Structure formats: C-alpha cells, structure tokens
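Accompanying notes for the structure given below.
There are 2 protein chains.
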Amino acid sequence: MVTVIEQTSLVGVAEGFPFLAGASQATRDLVTALPVRQVAPRSPVLHRGDGVDGVFLVVGGSLRVFYIAADGHEATLYRVRPGQTCILALTAAFRSDPYPAWVETEDEQLSFVLVPGAMFRELYNAEPTFRSFVFEVLSGRVFELMSRLEDLGSLRVEQRLAAFLLEVVDSSGEVVLSQARLAAHLGTAREVVFRALRTMSDAGLVATSRGRVKLLDPAGLRRLHQYG
Amino acid sequence: MVTVIEQTSLVGVAEGFPFLAGASQATRDLVTALPVRQVAPRSPVLHRGDGVDGVFLVVGGSLRVFYIAADGHEATLYRVRPGQTCILALTAAFRSDPYPAWVETEDEQLSFVLVPGAMFRELYNAEPTFRSFVFEVLSGRVFELMSRLEDLGSLRVEQRLAAFLLEVVDSSGEVVLSQARLAAHLGTAREVVFRALRTMSDAGLVATSRGRVKLLDPAGLRRLHQYG
DNA sequence: CATCGAGTGTGACTCAGGTTCCAGAGCATG
DNA sequence: CATGCTCTGGAACCTGAGTCACACTCGATG
Chain A
25 MVTVIEQTSL
35 VGVAEGFPFL
45 AGASQATRDL
55 VTALPVRQVA
65 PRSPVLHRGD
75 GVDGVFLVVG
85 GSLRVFYIAA
95 DGHEATLYRV
105 RPGQTCILAL
115 TAAFRSDPYP
125 AWVETEDEQL
135 SFVLVPGAMF
145 RELYNAEPTF
155 RSFVFEVLSG
165 RVFELMSRLE
175 DLGSLRVEQR
185 LAAFLLEVVD
195 SSGEVVLSQA
205 RLAAHLGTAR
215 EVVFRALRTM
225 SDAGLVATSR
235 GRVKLLDPAG
245 LRRLHQYG
Chain B
25 MVTVIEQTSL
35 VGVAEGFPFL
45 AGASQATRDL
55 VTALPVRQVA
65 PRSPVLHRGD
75 GVDGVFLVVG
85 GSLRVFYIAA
95 DGHEATLYRV
105 RPGQTCILAL
115 TAAFRSDPYP
125 AWVETEDEQL
135 SFVLVPGAMF
145 RELYNAEPTF
155 RSFVFEVLSG
165 RVFELMSRLE
175 DLGSLRVEQR
185 LAAFLLEVVD
195 SSGEVVLSQA
205 RLAAHLGTAR
215 EVVFRALRTM
225 SDAGLVATSR
235 GRVKLLDPAG
245 LRRLHQYG
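For the protein sequence lines, the chains are A and B, in the order given. Numbering-wise, the working numbering comes out as the position in the first sequence, counting from 1, plus 24. Numbering-wise, the working numbering comes out as the position in the second sequence, counting from 1, plus 24.
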C-alpha cells in the first residue's frame, strides 16, 4: 500500500511537530529515531478497505483523502498537510475498522513518519503534549468536515470552487491544477468546473491557462464563497 | 443557552458510560456527583457562535446538531445519542473556538451531565478509560461525517431518505416524524420528501400516515440506499 | 361544532448541474 | 515533423430537485 521509494533519517520531524518540544527526552528520541519515509507525487497510499496499524505524521508534501462513488466520480473528503496526521489510519489503529476511503499523495513528494500503532497508544497514554496534539487534530477534522458538509449542502459549485481555489493557492497566487483535477476535488464534472471558471474569468476574478488558474481577486473570490 | 428545567441526581450515568466502570473510584465519584440535567423535547440547546466550556454526556434522549443556511433551510450534521458526547462543546472546551452549529433536543426529553472544561481536561489527562472514550467518540464522528459527506455528494435524495429512515426507525418499525421534519434532517424541501415517500410507497417499501412513516421492507430500503 | 393550525397530496415551472459529444490548442515523444 | 495525449472551450440536452401555488384532511381547541 505504501510505496516507500527512499529512506532518509530524522529530517524536519522535530520542527514540523511542535508537540515534541514539550515532550520528554525519551519521547523525542523515540519519534526522531523513526525513519522519514518518502512517497512519489500523485501516488496511491491507501485503498479503501486497507488496514493500517499506524499513524502518518506528515512532514512534507500532502495527502488527499477521497472517495470514489459507484458511478466512478471521485471527491476529496479532506487533505492532510505537514504538521498534521492521518486520522483514519490513526482511528483504524485503535478500532481495526476497515479504512473507509482512498488516500494518495498530491503534487509534491510526500515525506512522513509512520508511528506504529503500539507506539501511538503508548505515546497517547504517556505524553500529555501528544495527547493534546491528537485531540487538536481530531477535533479540528470534525470542525472541517462539518463545514464541508454545510458548504456541499448549501452552496453552488461556483462558490465551492472559489473556496477551494483560495484553499490551495500557492504563494505566487496561482493554482496549478487542471480543470479535471479541480473537478475531482469538488466531486463534480470537468465541464461544470469549466463553466464556473468562465464565469469567474468574465468577472475578472481569475485568469485561466493550461493547467493553472491565476487568482486575480482573492477578496472577490472570498465574497463569492460567502455571499454567492 | 441550556434551559435546564429540572435537576435530579445520579441517574443512569454510570450505566450509560462504560468507561466509568474501568475508571478509578475517585473519577467515578467525581462524575456521578455531577447533577443530571434535563431539557424539554424540541428545545434549543446551543446557538451557532455560543461558547460552552464543558462537555455534554448524553444519558437519555438525543441531540441534533445542524446548520441553517443563508436561505433559511436547515440540515442535520449529526445526532448525539445516549452514551455519546457532544464533540463540539468538547472541542470548544479546548480551543475556545466559537460554536459552528446549532444544537437542539429531539423528540424525547434530554437528560445529560455537563462536565466542566477543567474537569474534562483533568479526566482526559488522568484517566485512561476516559481517554479511550474521547478518542472513540471523536474518531467515530470523523468516520460518520466522512460517510455523510460521501452520501450527500453521490446519492439521490430518495437514497439518503432511505438511509435516514433506517437510522431513526423505532422498535415498532415506525418513524414518527412529519415530512417537514424529515426534510429538515436531509437539508431538502418537504415536497421533495413527499415525492420520495410516494415512490417508496408505490414500491411497497413504506406506508405513510399523518406524522409517521411505517417501514414495510427495511431490507428493500437498505438496497435502495446502497444500489439506488 | 366551527375554526384554525399543522400536515399531506399534487401539478406546473425553473434551474443548477450532470451528460454527451466534439473541435481545437498545447506540449511531449519518437 | 508526425503522432498522440492531455487539456481547454463550448454547444445541446436531460434530469433531479428546489420553488410556487393551492386543495384537502386531520386533529386539537375554544
């Protein structure tokens, strides 16, 4: 399931996970001793139904957790960024439930640390800062999923697209994703994304080119998301 | 925000929350000493934006966590049943975030214990069984929200209605909710619920009467949910 | 028993968005 | 430079579901 293409050692784990700063030396040693693993961009990490006894601490790159519907269309449930952890694997670690979604890396190379289930339980029970970290990640995910549910149930595709563009825009103000990829994130069809982008483009909010969307008016997009 | 209409003492908390059995005597005493509070059926408990420094342990009745969209329509995000806890208040207890949704009681009288934020933190840090409980509730909620998101994004209203009816059916095989209430749960319009019920009724899956839906063929409803 | 509110039953209309199909542009490859 | 893939642009169509308007029925209440 996890295609590890390379192993380096303790790079950036301590910096990426602030809870380690407040943890005991023993915990720090334990976690930083774990190998940092790498997965290539755009590669599968987990399939629905997979069992994983471990927790992913994402150091670099990002994960996309998504579903694939019966008719084949897919949609992103949430994304795991550096400093976060993959809740599902974590949950499966405690419950040994089957994994309810697919996970793949996004456009950057992923680097992560895999904390085995046993070690996770130990840390969760012994280390207050780790406990807080777990609580924050889990409850933050609940908040995030709730607001996604609300958006999905009450906003038009164009508004959800605006929100998504703002979420994934890079430092240069661009979103480097094809219309098809955007559609897969939103759970809609490519043609629908095209129409929404044309409307936005006509309104001067974005400029499109092959494989990318330049955000010309982020404030306007934010308004579009909130007030339609 | 919480309209407490009555206070009784330690009824059913120990039975409803198995984690207490494995907890220390001190913890058991602490929790069972908390008053069991009551709220009338169909009453508001929290408004969006409310701050609550505490956690609801639901002993009897149930809570409905929902949003209200800009156009006034509402939809249920999730429901909190006996033995569970209201995650949002719990999260707000740690983060002091504003509360992102509305909460109201459902058709039964609610009885619950309010664990103050400070006591929650103490228990979370000191009591392993409580920790597991919190983890289970939170991660279970994440699973639930993910599958709701998937259903909302890939199923027709009729399929989602079938799933909801199966979720809330009582022991006598009936769902005691008006079409308007069903619509509010699903985030759709009453007329749409009516049409879906007529289709189901024509197919012999349910029988409708004023204010209730009798499930004639639960297996058929399950098939409808899964395969359309 | 008259009245009123809440609930159901229904047709007609509108619209966002999904579907189908195709043209053409950009870009990498042998 | 020819081939082929990916991507964008776009028309035409279909459908699920939200909206509007209204009649009717049930049950509670004065």
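Cβ atoms here follow ideal geometry from the backbone N, Cα and C, with glycine treated the same way. None of these values were measured; they are calculated from a predicted model.
Exercise for review: Classify B:E30 as helix, strand or coil using the three-state DSSP reduction.
Suggested key: Residue placement at B:E30 is poorly supported in this model, since its pLDDT is 44, which falls under 50; the coordinates still yield a value, given next. In this structure, B:E30 counts as strand in the three-state DSSP scheme.
Check your understanding: Looking at the structure shown, is A:L210 part of a helix, part of a strand, or coil, going by DSSP?
Key -> helix
Review point. When burial is assigned at 16 or more other CB atoms within 10 Å of the CB, is A:R247 buried or exposed?
Key: exposed
Exercise for review: Reducing DSSP to helix, strand and coil, say where A:R103 ends up.
Suggested key: Three-state result, A:R103: strand.
Check your understanding: Which full runs of the alpha helix (DSSP H) of 4+ residues lie inside the segment 27 to 76 of chain B, going along the chain?
Key -> 37 to 40, 49 to 56
**Study point:** Residue burial classification, A:R105 (beta-carbon count within 10 angstroms, cutoff 16)
**Key:** exposed
Check your understanding: What does A:M224 touch in chain B if you count any residue whose Cβ is under 9 Å from its own?
Key -> Those within 9 Å of A:M224 in chain B number zero; the least Cβ separation is about 20 Å.
Practice item. For the alpha helix (DSSP H) containing A:G96, list its first residue and its last residue. Key: Premise fails: A:G96 is in no alpha helix (DSSP H) and is neither H nor E.
Practice item. Would you mind telling me which residues of chain A sit closer than 7 Å to B:L162, beta carbon to beta carbon, in chain order? Key: L162, S163, V166
**Study point:** Secondary structure of A:E146, DSSP reduced to three states
**Key:** helix
Practice item. Decide if A:R219 is buried, meaning its Cβ has at least 16 other Cβ atoms within 10 Å, or exposed. Key: It counts as exposed.
Point to revise | Min CB distance B:S48 to chain A below 7 Å | key: Closer than 7 Å: no.
Check your understanding: Hey, does A:L169 have any beta-carbon neighbour from chain B nearer than 7 Å?
Key -> For A:L169, the answer is yes, since a Cβ of chain B falls inside 7 Å of its Cβ.
Practice item. Please list the residues of the segment 123 to 153 of chain A that have a C-beta atom closer than 8 Å to any C-beta atom in chain B, keeping them in chain order. Key: P124, A125, Y148, N149, P152
**Study point:** Whether A:L81 touches A:V127 by CB criterion (7 Å)
**Key:** Not in contact: A:L81 and A:V127 (Cβ atoms no closer than 7 Å).
Point to revise | Whether A:G85 touches A:E39 by CB criterion (7 Å) | key: Taking 7 Å as the Cβ cut-off, A:G85 and A:E39 do not qualify as a contacting pair.
Check your understanding: Taking the beta strand (DSSP E) that B:T127 falls in, what are its first and last residues?
Key -> In the sequence as displayed, the identity of residue 127 of chain B is Val instead of Thr. Counting along the chain, the unbroken beta strand (DSSP E) around B:V127 starts and ends at 126 to 129.
Point to revise | Burial state of A:P124 (16 or more Cβ within 10 Å) | key: buried
Check your understanding: List, in order along the chain, the chain A residues whose C-beta lies closer than 9 Å to that of B:R155?
Key -> Y148, N149, R155
Point to revise | Amino acids of chain B, ordered along the chain, whose beta-carbon sits closer than 7 Å to that of A:A99 | key: G177
Practice item. Quick one: give me the first and last residue of the beta strand (DSSP E) that A:L138 is part of. Key: Looking at the DSSP string, the run of the beta strand (DSSP E) that includes A:L138 is 134 to 140.
Review point. Which residues of chain A have a Cβ atom closer than 8 Å to the Cβ of B:R268, listed in chain order?
Key: With chain B covering 25 to 252 only, the question about residue 268 of chain B has no answer from this structure.
Review point. Okay, do the segment 177 to 194 of chain B and the segment 211 to 228 of chain B touch, 3+ Cβ pairs below 8 Å being the bar?
Key: Yes: at least three Cβ pairs fall under 8 Å.
Review point. Nearest to A:Y102 by alpha carbon, out of A:A94, A:E191, A:P152?
Key: A:E191
Check your understanding: What are the boundary residues of the alpha helix (DSSP H) that includes A:R246?
Key -> 242 to 251
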